[in-house]
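Note that the numbering used here has the sequence shown beginning at 135, numbered continuously upward.
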Amino acid sequence: MNARAVALAFRAVALAEACSWVALLFGMFVKWVLGSSERGVQIFGPIHGGVFVAYVLVTLLAARVLRWNAVTTLLALAASVPPLVTLWFDRWATRTDRLPLPEPVPTA
Numbered sequence: 135m136n137a138r139a140v141a142l143a144f145r146a147v148a149l150a151e152a153c154s155w156v157a158l159l160f161g162m163f164v165k166w167v168l169g170s171s172e173r174g175v176q177i178f179g180p181i182h183g184g185v186f187v188a189y190v191l192v193t194l195l196a197a198r199v200l201r202w203n204a205v206t207t208l209l210a211l212a213a214s215v216p217p218l219v220t221l222w223f224d225r226w227a228t229r230t231d232r233l234p235l236p237e238p239v240p241t242a
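Dropping the structure here:
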């Protein structure tokens, strides 16, 4: 597997995980604070669950392909628990050269 392709997949799933967290939190707010509907939780709960599983799998793939040590791998996995921390991990891993930058797009 190409390291840049794995990094791109990781970034996409990390962003999707963060977005699904926000959607689920909104659904829980509507359900528990406003008390008006459970629909948001019913829709976004399974979506977030599926994206969470995808994040864990892509993280394990990235750890193998990018040769992350145990600490980096555990940080990446732990980042999926609090809302939006996957975005922080992405930036940190990029800054510390644990996650390769995407290929630059050539300009005409």
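Where is the CB? At the ideal position from N, CA and C, for every residue including glycine.
Note down, in chain order, each residue of its chain lying with its Cβ closer than 7 Å to the Cβ of residue 199, except the 5 sequence neighbours on either side.
135, 137 and 140
Exposed or buried, which one is residue 204 when buried takes at least 16 other CB atoms within 10 Å?
exposed
By Cβ distance below 6 Å, which residues in the same chain neighbour residue 188 in space, the five residues on each side in sequence not counted?
Scanning its chain for C-beta atoms nearer than 6 Å, with the 5 sequence neighbours on each side dropped, one finds around residue 188 the residues 147, in chain order.
C-alpha distance - residue 190 paired with residue 174, whole-angstrom precision
24 Å
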